[in-house]
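So for the sequence shown, the working numbering puts the first residue at 14; every next one is plus one. Even for Gly, the Cβ is constructed at its ideal location relative to N, Cα and C. All of these numbers come straight from a predicted model, not from anything done at the bench. Encoded as structure tokens, the structure appears first; notes follow it.
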Amino acid sequence: MSEKHNHDQENLFRRIAGELSQPFIDLLHTSRALLGVNISYILEGITYFGILGLLAIFYNNYLGLNDEQAGRIVGFLTGGITLAMLLLGATVDLIGVRRSFLYSLIFMLAGRILLTLSPGLGNQGLWGSGHIISLFGLLGIIIGYGIYQPAAYAAVKKFTTPKTAAMGYAMLYALMNLGGFLPGLFSPPVRRNFGITGVFWVNIFLTVTGIIVVATIITRQAENRATREAEAGSGISEKDEGSDEMEKMSVGEKLRFYLKNFPVKDARFMFFIFILIPVQTLFAHNWLTLPQYTSRAFDGFVQNNFEFFVNLNPILIFILTPLVTALTMKKHTYHMMIIGTLVMSLPTFFLALGPNFYTLMAYLILMTVGEAMWQPRFLQWVAEIAPKNMTGIYMGIGQFPWFLTKIITSLYSGWFLMRFCPADVPPEKLHTEKMWLIYGFIAVSSSVFLILARKWMVKGMKEKA
14 MSEKHNHDQE NLFRRIAGEL SQPFIDLLHT SRALLGVNIS YILEGITYFG ILGLLAIFYN
74 NYLGLNDEQA GRIVGFLTGG ITLAMLLLGA TVDLIGVRRS FLYSLIFMLA GRILLTLSPG
134 LGNQGLWGSG HIISLFGLLG IIIGYGIYQP AAYAAVKKFT TPKTAAMGYA MLYALMNLGG
194 FLPGLFSPPV RRNFGITGVF WVNIFLTVTG IIVVATIITR QAENRATREA EAGSGISEKD
254 EGSDEMEKMS VGEKLRFYLK NFPVKDARFM FFIFILIPVQ TLFAHNWLTL PQYTSRAFDG
314 FVQNNFEFFV NLNPILIFIL TPLVTALTMK KHTYHMMIIG TLVMSLPTFF LALGPNFYTL
374 MAYLILMTVG EAMWQPRFLQ WVAEIAPKNM TGIYMGIGQF PWFLTKIITS LYSGWFLMRF
434 CPADVPPEKL HTEKMWLIYG FIAVSSSVFL ILARKWMVKG MKEKA
């Protein structure tokens, strides 16, 4: 009896280990083009988060804006990116993955150079010449990223099979966040020695590196080979799916095709993406609130190395997302959304207990676990329900509530900081508990509405196996 029990346990362990490892093994056998996408995504994660985490403080210190003004400028960037994805998401459907990557990175390179030079090119203050020049720099980043993000998810869809798709999306999300963590390691010493603009110049160099990676690894030959291999693995060719459907259309016919296939008529889809706005405000607080909170409400190690804590979420996402995805691949998307948003939002109430190293760490870790449970599954779902030739625009539409989240959060985050966590006030005189209590109630409302709408949503959700 004991031997049989041990044998059953051993088989169970092997089955679990196999289920965990097989998605990683499958992904390792994918193409050179997908490898290039992943390397580019890491570099872009380093660059994007390396600038974003310091952007509000950059506007405080170098261009003379207060917290409320700086928060709105950061909202202009992050919200503008999401709006650009809506407007420019079709670019990848029209010109292809490789050229979309190259054009987007060139736009971002020009924008980041202009942003970094702006303090020395004009006057400080709101609507001063330096501020206006910096906005043109942000505009270049917005245009570039509006093309880059849809191109990345379109590439994963194009270069993977149904067997490798889930892990492909999860790894893309995880690698972006690995890139988001790394600035927390190199940014503090660079900032202390060369200032925030020194950190920005490092990120400009990394943008150039990203252009070289795309040009040399995601070649036309590699892109075509990856597409053929994915078709062979899927058992479906582009010919079978009607790849020439849009090529034969006129401009007017293409426009009518896009309008006909827009998902705005699907009430469940629209509810699904918009109800996530409250919990997504926690993402926005990662760069709108956490940098100031950790540098003002704490002292000592946390204050001196606040970038590390601001960027801890990305490295945890890098570790947890593939593991959570492997464990939950067979779970229904909607159920994962409910559980994930709850796990993400509830730890916010830990911060309502007051500034404390342990509650801060508990919040960062548990919030990240929740994010890993639902965010990649949501992105995969949006990409997979997209009709042929419309992955880019569907990703853009699916991200539109994210645009609203960034704009809305940036409108009030600066006010909350000035009221509950102002600069140049000793940590013991701050009142950050009320701020995080309010933010917690906002975030958890997404889970409440998802639970209330569960029967209606599950009944009509369109989901590919």
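- Query: What did DSSP end up calling Val-221 once you bin it into helix, strand or coil?
  - Reply: Position 208 of the sequence shown, counting from 1, holds the residue named residue 221. The answer is helix: DSSP assigns Val-221 an H, G or I state.
- Secondary structure of Met-184, DSSP reduced to three states: Within the sequence shown, residue 184 is the residue found at index 171, counting from 1. It is helical.
- Item | Inter-residue spacing [alpha-carbon to alpha-carbon] between Phe-62 and Gln-316 | The residue labelled residue 62 in the question sits at position 49 within the sequence shown. The residue labelled residue 316 in the question sits at position 303 within the sequence shown. Rounded to whole angstroms, Phe-62 to Gln-316 spans 19 Å at the Cα level.
- Between the segment 320-328 and the segment 339-356, do at least 3 Cβ pairs fall closer than 8 Å? no
- Item | Buried or exposed (CB count within 10 angstroms, at least 16 for buried), His-444 | Along the sequence shown, read from residue 1 onward, the residue named residue 444 stands at position 431. Under this definition His-444 is an exposed residue.
- Message: Looking only at its chain, what residues have a beta carbon closer than 7 Å to the beta carbon of Thr-289, apart from the 5 residues adjacent to it on each side?
- Response: On the sequence shown, position 276 is the one that residue 289 refers to. A small correction: the amino acid at residue 289 is Leu; Thr does not occupy that position in the sequence shown. Result list for Leu-289: Pro-414, Ser-459, in chain order.
- Closer than 6 Å by C-beta to Gln-82: which residues in its own chain qualify, once you throw out the five before and the five after it? Chain order, please. Counting from 1 along the sequence shown, the entry for residue 82 is found at position 69. The answer, listed in chain order, is Leu-139.
- Query: Could you give the C-beta distance for Leu-364 and Thr-372, rounded to a whole number, given that I count them as a contact under 8 Å?
  - Reply: Stepping through the sequence shown from its first residue, residue 364 is reached at position 351. Stepping through the sequence shown from its first residue, residue 372 is reached at position 359. Confirmed, about 6 Å.
- Opening and closing residue of the alpha helix (DSSP H) in which His-144 lies: On the sequence shown, position 131 is the one that residue 144 refers to. First-last of the alpha helix (DSSP H) with His-144: 142-172.
- Task: Report the residue from Phe-114, Thr-232, Gly-193 whose alpha carbon sits nearest the alpha carbon of Ile-330.
- Result: Residue mapping note: residue 330 aligns to position 317 of the sequence shown, counting from 1. If we check each option's Cα against that of Ile-330, Gly-193 comes out closest.
- Query: For Gly-157, which residues of its own chain have a beta-carbon under 6 Å away from its beta-carbon, when the five flanking residues on both sides are left out?
  - Reply: By one-based count along the sequence shown, residue 157 stands at place 144. Excluding positions up to five away in sequence, the list reads Ser-117, Phe-120, Met-121.
- Item | N-terminal and C-terminal residue of the alpha helix (DSSP H) that Asp-80 is part of | For the purposes of this step, residue 80 is identified with residue 67 of the sequence shown, where counting begins at 1. Element bounds for Asp-80: 80-101.
- From Thr-381, Ile-351, Thr-361, pick the residue whose C-alpha is nearest to that of Leu-336; which is it? Sequence index remark: in the sequence shown, residue 336 carries index 323 (1-based). Checking every option, the nearest Cα to that of Leu-336 belongs to Thr-381.
- Message: Please return the same chain residues whose Cβ sits closer than 7 Å to the Cβ of Pro-360, not counting the five positions on each side in sequence.
- Response: For the purposes of this step, residue 360 is taken as residue 347 along the sequence shown, with counting starting at 1. Only Ala-375, Tyr-376, Leu-379, Met-380 meet the Cβ criterion.
- Ordered along the chain, which non-local residues of its own chain (more than five positions away) have a Cβ less than 8 Å from that of Met-470? Here residue 470 refers to the residue found at position 457 when the sequence shown is read from its first residue. Counting only Cβ-Cβ distances below 8 Å, and skipping sequence neighbours, we find Arg-281, Phe-284, Phe-285, Tyr-347, Leu-463.
- Beta carbon of Ile-70, beta carbon of Ile-209: below 8 Å? In the sequence shown, the residue the question calls residue 70 occupies position 57. In the sequence shown, the residue the question calls residue 209 occupies position 196. The answer is yes: Cβ separation under 8 Å.
- Message: Pro-291 and Thr-334 - do their beta-carbons sit closer together than 8 Å?
- Response: As a position in the sequence shown, residue 334 is number 321, starting the count at 1. As a position in the sequence shown, residue 291 is number 278, starting the count at 1. Taking 8 Å as the Cβ cut-off, Thr-334 and Pro-291 do not qualify as a contacting pair.
- Query: What number of angstroms, rounded off, separates the C-alpha of Ile-421 from the C-alpha of Thr-302?
  - Reply: For this step, residue 421 is matched to residue 408 along the sequence shown. For this step, residue 302 is matched to residue 289 along the sequence shown. Each residue's Cα considered, the two are about 14 Å apart.
- Message: Between Thr-418 and Thr-294, how many whole angstroms is the CB-CB distance? I'm expecting something under 8 Å.
- Response: Start at 1 with the first residue of the sequence shown, and residue 418 comes out as number 405. Start at 1 with the first residue of the sequence shown, and residue 294 comes out as number 281. Yes, they are in contact, since the Cβ atoms of Thr-418 and Thr-294 sit about 6 Å apart, within 8 Å.
- Message: Would Leu-325 and Gly-197 qualify as a contact pair, given that the criterion is a beta-carbon distance under 8 Å?
- Response: As a working mapping, residue 325 is identified with position 312 in the sequence shown. As a working mapping, residue 197 is identified with position 184 in the sequence shown. Yes, the pair counts as a contact, with Cβ atoms nearer than the cut-off.
- Message: Helix, strand or coil for Val-382? Go by DSSP, reduced to three states.
- Response: Indexing the sequence shown from 1 puts residue 382 at position 369. Helix.
- Message: I need the DSSP call for Val-212, collapsed to helix, strand or coil.
- Response: For the purposes of this step, residue 212 is taken as the residue at position 199 of the sequence shown. In this structure, Val-212 counts as helix in the three-state DSSP scheme.
- Item | the segment 101-116 in contact with the segment 427-434 per 3-pair CB rule at 8 Å | no
- Between which two residues does the alpha helix (DSSP H) carrying Leu-430 extend? Working through the sequence shown from its first residue, we reach residue 430 at position 417. Per DSSP, Leu-430 belongs to the alpha helix (DSSP H) from 413-433.
- Query: In whole angstroms, what separates the C-alpha of Gly-150 from that of Arg-125?
  - Reply: Within the sequence shown, residue 150 is the residue found at index 137, counting from 1. Within the sequence shown, residue 125 is the residue found at index 112, counting from 1. Rounded to the nearest angstrom, the two C-alpha atoms are 6 Å apart.
- Query: Straight-line CA distance for Gly-313 to Leu-191?
  - Reply: Stepping through the sequence shown from its first residue, residue 313 is reached at position 300. Stepping through the sequence shown from its first residue, residue 191 is reached at position 178. So the alpha carbons of these two residues sit roughly 26 Å apart.
- Message: Quick check: the Cα distance between Arg-269 and Tyr-54, rounded to an integer number of angstroms?
- Response: What you label residue 269 is simply residue 256 of the sequence shown in a count that begins at 1. What you label residue 54 is simply residue 41 of the sequence shown in a count that begins at 1. Each residue's CA atom was taken as its position, placing Arg-269 and Tyr-54 some 33 Å apart.
- Is Leu-33 helix, strand or coil when you go by DSSP? Residue mapping note: residue 33 aligns to position 20 of the sequence shown, counting from 1. At Leu-33, the pLDDT of 44 sits below 50, so the modelled position is not reliable; the number obtained from the coordinates is stated separately. Helix, per DSSP.
- Query: Would a C-beta distance cut-off of 8 Å place Val-169 and Val-50 closer than the cut-off?
  - Reply: Mapped onto the sequence shown, residue 169 falls at position 156. Mapped onto the sequence shown, residue 50 falls at position 37. Against a cut-off of 8 Å, the Cβ pair of Val-50 and Val-169 comes out as a contact.
- Per-residue DSSP class, three states only, for Ile-231: As a first step, residue 231 must be located in the sequence shown, where it is residue number 218. Ile-231 falls in the coil class under three-state DSSP.
- Item | Residue environment, Gln-234, which counts as buried when at least 16 other CB atoms sit within 10 Å | As a first step, residue 234 must be located in the sequence shown, where it is residue number 221. Exposed, because fewer than 16 other Cβ atoms sit within 10 Å of the Cβ of Gln-234.
- Query: Hey, would you say Tyr-452 sits closer than 8 Å to His-298, going by beta carbons?
  - Reply: Indexing the sequence shown from 1 puts residue 452 at position 439. Indexing the sequence shown from 1 puts residue 298 at position 285. Yes, they are a contact pair.
- Message: Going by beta-carbon coordinates alone, are Leu-195 and Ile-52 separated by less than 8 Å?
- Response: For the purposes of this step, residue 195 is identified with residue 182 of the sequence shown, where counting begins at 1. For the purposes of this step, residue 52 is identified with residue 39 of the sequence shown, where counting begins at 1. In this structure, Ile-52 does not lie closer than 8 Å to Leu-195 by Cβ.
- Nearest to Leu-65 (by Cα), restricted to the options Leu-76, Lys-468, Phe-213, Asn-369: On the sequence shown, residue 65 is found 52 positions in, with the first residue counted as 1. If we check each option's Cα against that of Leu-65, Phe-213 comes out closest.
- Query: Could you give the uninterrupted runs of the alpha helix (DSSP H) lying entirely in the segment 329-395, keeping only those of 4 residues or more?
  - Reply: With a minimum length of 4 residues, the continuous alpha helix (DSSP H) runs that stay inside the segment 329-395 are 346-358, 361-364.
- Message: On the criterion of 16 or more Cβ atoms from any shown chain inside 10 Å, does Thr-385 qualify as buried, or is it exposed?
- Response: Counting from one through the sequence shown, the residue named residue 385 turns up at place 372. The amino acid at residue 385 is misidentified as Thr; the sequence shows Ala. Ala-385 should be labelled buried.
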